[in-house]
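J.:
Numbering (our numbering), first residue to last: 14 to 644.
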């Protein structure tokens, strides 16, 4: 449901709104990482607090999203994630305050319409879906409405900024010409294997590299954890099912199935909109023909004024309860198979109805449905027990933070232990990033306390504590000596290759043509009409980037001809010189290209103006951050 709401909340602030609303901590509070003497907030913005609880919820949301996107591993340091999240929350609070103070307002009518758009199904606002959706993300309806109102105010501000952005025709034309420009280049590639004559590094050199780069050769910090867990599967094993409840569920099932009966109907319709009396005479005459043995299908084809069904002999296909107007439905469901009704009047006219066939869903015997009903009853019982036990687990673990003994004694759980785990890797339960992140958090690792309850899934919760901690330490030199040796050989070989390339570069800059400098160990390729997006033609992204970064003035009009040249490292490990030979400009730009460039420049200007506005707002704001939340 959260994803459904996220998909519906569009716009430049959609992500921020999702971060703010977050997933609720329905069973327990956030992990306490602040002591009683420190600030109990993450930041203050112009005197208004961003609570530690709101901040931790946002961090958790961001962490989970990044882990999903990155294949199960957090792609950044935890401190960087926390810093980024806090900055986002501060920016959000500043913008909300600024838009309100500057008169941006969202009327109840606009707010109501937006909510209706988000929760409308088949053209009808679904109130139940709205309430369930808001509840599932841990918000009250007033809280959700306020969050949405804030987002809409920010959209108003963005629109105002967008309306002030502009770009001149000359600027568009110049940028379009640059975009369509191509270049001719020469690429001299120097083979690292040819130029590298690096000998095996001396032991002293290896030792020095090891000492200078000690952080590259560290054994990661690791811990072992003890933990207790509650799973729905383990709770289900001891639950007995009430036979009376099973019987009632089966009776309800049979009653529902019986209401799903469908009937194949045909009808003859005579419209009453023009002359009701004449229509009555006509329908009575048709009824008399049917009574005398006339074929219903033939009469429908010739006389029915429902043209859609008349061509099929009046056939309406299968009809269920609720699909037809009441008088028609009542008459149809009173007929027996093959019977024809009397004259039935509806708002559409007079009908004669024939029941062709009846079908209904087969009722499965209790012996088959029993397993489904038992599973459902067990699931309901498990959900209630799981909730109660999870709350008790959270309470006992929090009130007795020094061990898990009382948890085991009170709830009858078993303490389990993990193997060593690091911040980025673990086996068993520690494969879950939530477990590793919690194990290395300040409250658990540094303060030695029990964790809060960790929800691994809606049916699996865990409380853990660290049983052993091994700090990060250097890997012994003898274990990485061969690795350092290879690194030094590669680095020295690269230096030799780069020196050979720079020697040729100096000659080119002195005016010597590249074609006259050919020698062993490097080859030259001429690439013409290279565009800004032609990576395949360039052969290496670095070549393409440098080709369009080289200054034009040196390539044209210089006397003597002095060409722009730049050395680069290639992905292959070789070194290359990129020489700019010629710049190819275009005179005429198609109108559709100009429009694309104009749109892009306007977007860039809007983003620039928005960033400038945000910086100005921050410069004039009083912002106080609690640095401990980032650590």
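Idealized CB from N, CA, C, for every residue including glycine.
Just so it is clear, the structure is predicted and the values come from calculations on it, not from any experiment.
Taking the beta carbon of residue 462 as the centre, do at least 16 other beta carbons fall within 10 Å, making it buried, or is it exposed?
T.: Taking the first residue of the chain shown as position 1, residue 462 is located at position 449. With 16 or more Cβ atoms within 10 Å of its Cβ, residue 462 is classed as buried.
J.: Quick one, which of 541, 478, 116 has its alpha-carbon nearest residue 239's?
T.: Translated into the one-based positions of the chain shown, residue 239 becomes position 226. Ranking 541, 478, 116 by Cα distance to residue 239 puts 478 first.
J.: Could you tell me which residues DSSP pairs with residue 554 in its beta bridges?
T.: The sequence position of residue 554 within the chain shown is 541, counting from 1. Looking at the DSSP assignment, residue 554 forms no beta bridge with any residue, so it has no partner.
J.: Going by other Cβ atoms of all chains shown within 10 Å of its Cβ, with 16 needed for buried, is residue 491 buried or exposed?
T.: Indexing the chain shown from 1 puts residue 491 at position 478. So residue 491 counts as exposed.
J.: Relative to the C-alpha of residue 174, which candidate in 639, 636, 626 has its C-alpha closest?
T.: By 1-based counting over the chain shown, the position of residue 174 is 161. The shortest C-alpha separation from residue 174 is found at 626.
J.: Can you give the Cα-Cα distance for residue 134 and residue 142, rounded to whole angstroms?
T.: Locating residue 134 in the chain shown gives position 121, where the first residue counts as 1. Locating residue 142 in the chain shown gives position 129, where the first residue counts as 1. Near 9 Å, if we compare the C-alpha coordinates of residue 142 and residue 134.
J.: Report, in whole angstroms, the separation of the C-beta atoms of residue 352 and residue 368, which I expect to be a contact under 8 Å.
T.: Stepping through the chain shown from its first residue, residue 352 is reached at position 339. Stepping through the chain shown from its first residue, residue 368 is reached at position 355. So it is a contact: roughly 6 Å between Cβ atoms.
J.: Give the DSSP-derived three-state secondary structure of residue 568 in the structure shown.
T.: The count along the chain shown starts at 1 and reaches residue 568 at position 555. Confidence in residue 568 is poor, its pLDDT being 47 and thus under 50, which makes the residue's placement unreliable; the coordinate value appears in the next sentence. Three-state result, residue 568: coil.
J.: According to DSSP, is residue 48 part of a helix, a strand, or is it coil?
T.: Counting from one through the chain shown, the residue named residue 48 turns up at place 35. The predicted model places residue 48 with a pLDDT of 42, which falls under 50 and marks its position as unreliable, so this point remains unresolved.
J.: Which one of 642, 630, 640, 641 has the shortest CA to CA distance from residue 59?
T.: On the chain shown, position 46 is the one that residue 59 refers to. If we check each option's Cα against that of residue 59, 630 comes out closest.
J.: Tell me the start and end of each unbroken beta strand (DSSP E) in the region 110 to 140 that is at least 3 residues and wholly inside, in chain order.
T.: The region 110 to 140 contains no whole beta strand (DSSP E) run of 3 or more residues.
J.: For residue 362, collect the residues of the same chain with a Cβ closer than 6 Å to its Cβ; drop the 5 residues on either side in sequence, then sort them by chain order.
T.: Against the chain shown, residue 362 aligns to sequence position 349. These residues qualify, in order along the chain: 282, 283, 284, 285.
J.: For residue 365, list the residues DSSP reports as bridge partners.
T.: As a working mapping, residue 365 is identified with position 352 in the chain shown. Bridge partners of residue 365: 281.
J.: Taking residue 436 as the reference, give the member of 331, 455, 325, 159 with the closest Cα.
T.: Stepping through the chain shown from its first residue, residue 436 is reached at position 423. Comparing Cα positions, the closest option is 455.
J.: Where does residue 140 land, buried or exposed, given buried means 16+ other C-beta within 10 angstroms?
T.: Here residue 140 corresponds to residue number 127 of the chain shown, with the count starting at 1. With fewer than 16 Cβ atoms within 10 Å of its Cβ, residue 140 is classed as exposed.
J.: Is it right to say residue 227 is buried, meaning 16 or more other beta carbons lie within 10 angstroms of its own, or is it exposed?
T.: For the purposes of this step, residue 227 is taken as residue 214 along the chain shown, with counting starting at 1. Residue 227 comes out exposed.
J.: For residue 275, which residues of its own chain have a beta-carbon under 6 Å away from its beta-carbon, when the five flanking residues on both sides are left out?
T.: Counting from one through the chain shown, the residue named residue 275 turns up at place 262. Cβ within range, chain order: 331, 333, 372.
J.: Give every residue of the same chain whose Cβ lies closer than 6 Å to the Cβ of residue 555, excluding the five residues on either side of it in the sequence, and list them in chain order.
T.: Position 542 of the chain shown holds residue 555. So the qualifying residues of the chain are 581.
J.: Taking all protein chains shown into account, decide if residue 235 is buried (16 or more other Cβ within 10 angstroms of its Cβ) or exposed.
T.: The residue given as residue 235 occupies position 222 in the chain shown. Label assigned to residue 235: buried.
J.: Nearest to residue 56 by CA position, among 99, 544, 410, 71, is which residue?
T.: In the chain shown, counting from the first residue as 1, residue 56 sits at position 43. Per the Cα distances, 99.
J.: Looking at the secondary structure, which residues open and close the alpha helix (DSSP H) in which residue 423 lies?
T.: Here the question's residue 423 lines up with position 410 in the chain shown. 418 to 424 is the span of the alpha helix (DSSP H), which, as asked, contains residue 423.
J.: So is residue 157 buried or exposed if we call it buried at 16+ other beta carbons inside 10 Å?
T.: Along the chain shown, one-based indexing puts residue 157 at 144. Per the 10 Å Cβ criterion, buried.
J.: Across which residues does DSSP place residue 543 in a beta bridge pair?
T.: For the purposes of this step, residue 543 is identified with residue 530 of the chain shown, where counting begins at 1. The partner list for residue 543 (beta bridge, DSSP) reads 196.
J.: Hey, how far is the Cα of residue 93 from the Cα of residue 642?
T.: Here the question's residue 93 lines up with position 80 in the chain shown. Here the question's residue 642 lines up with position 629 in the chain shown. Roughly 11 Å separates the two Cα atoms.
J.: Could you give the first and the last residue of the continuous alpha helix (DSSP H) run that contains residue 618?
T.: Numbered from its first residue, the chain shown carries residue 618 at position 605. Unbroken alpha helix (DSSP H) run through residue 618: 604 to 632.
J.: Is the beta carbon of residue 541 closer than 9 Å to that of residue 197?
T.: Translated into the one-based positions of the chain shown, residue 197 becomes position 184. Translated into the one-based positions of the chain shown, residue 541 becomes position 528. Yes, the Cβ-Cβ distance between residue 197 and residue 541 is below 9 Å.
J.: Entirely within the region 235 to 279 and at least 4 residues each: give me those alpha helix (DSSP H) ranges in chain order.
T.: If we require 4 residues or more, the alpha helix (DSSP H) runs fully inside the region 235 to 279 come out as 245 to 249, 256 to 271.
J.: Within the continuous alpha helix (DSSP H) that includes residue 381, where are the two ends?
T.: Translated into positions along the chain shown, residue 381 becomes position 368. Residues 379 to 412.
J.: Around the C-beta of residue 164, are 16 or more other C-beta atoms found within 10 angstroms, so that it is buried, or is it exposed?
T.: On the chain shown, position 151 is the one that residue 164 refers to. So residue 164 counts as buried.
J.: When the distance is taken between beta carbons, is residue 166 closer than 9 Å to residue 119?
T.: Along the chain shown, read from residue 1 onward, the residue named residue 119 stands at position 106. Along the chain shown, read from residue 1 onward, the residue named residue 166 stands at position 153. Yes. Within cutoff.
J.: Looking only at its chain, what residues have a beta carbon closer than 7 Å to the beta carbon of residue 480, apart from the 5 residues adjacent to it on each side?
T.: Translated into positions along the chain shown, residue 480 becomes position 467. Closer than 7 Å at the Cβ level, and outside the excluded window around residue 480, lie 237, 238, 239, 430.
J.: So within the region 42 to 111, which uninterrupted beta strand (DSSP E) runs reach at least 3 residues, ignoring any that extend past its ends?
T.: The region 42 to 111 contains these whole beta strand (DSSP E) runs: 54 to 58, 61 to 64.
J.: Secondary structure at residue 170, three-state DSSP: helix, strand or coil?
T.: Within the chain shown, numbered from 1, the residue matching residue 170 stands at position 157. In this structure, residue 170 counts as helix in the three-state DSSP scheme.
J.: Taking all protein chains shown into account, do 16 or more other C-beta atoms lie within 10 angstroms of the C-beta of residue 645, making it buried, or fewer, making it exposed?
T.: The question about residue 645 has no answer here: the residues shown for the chain are numbered 14 through 644.
J.: Rounded to whole angstroms, what's the CA-CA distance from residue 268 to residue 377? Just pull it up for me.
T.: As a position in the chain shown, residue 268 is number 255, starting the count at 1. As a position in the chain shown, residue 377 is number 364, starting the count at 1. Looking at the two C-alpha atoms, the distance is approximately 12 Å.
J.: Measuring alpha carbon to alpha carbon, tell me which of 101, 131, 440, 531 ends up nearest residue 200.
T.: Locating residue 200 in the chain shown gives position 187, counting from the first residue. Residue 531 is the option with its Cα nearest to residue 200.
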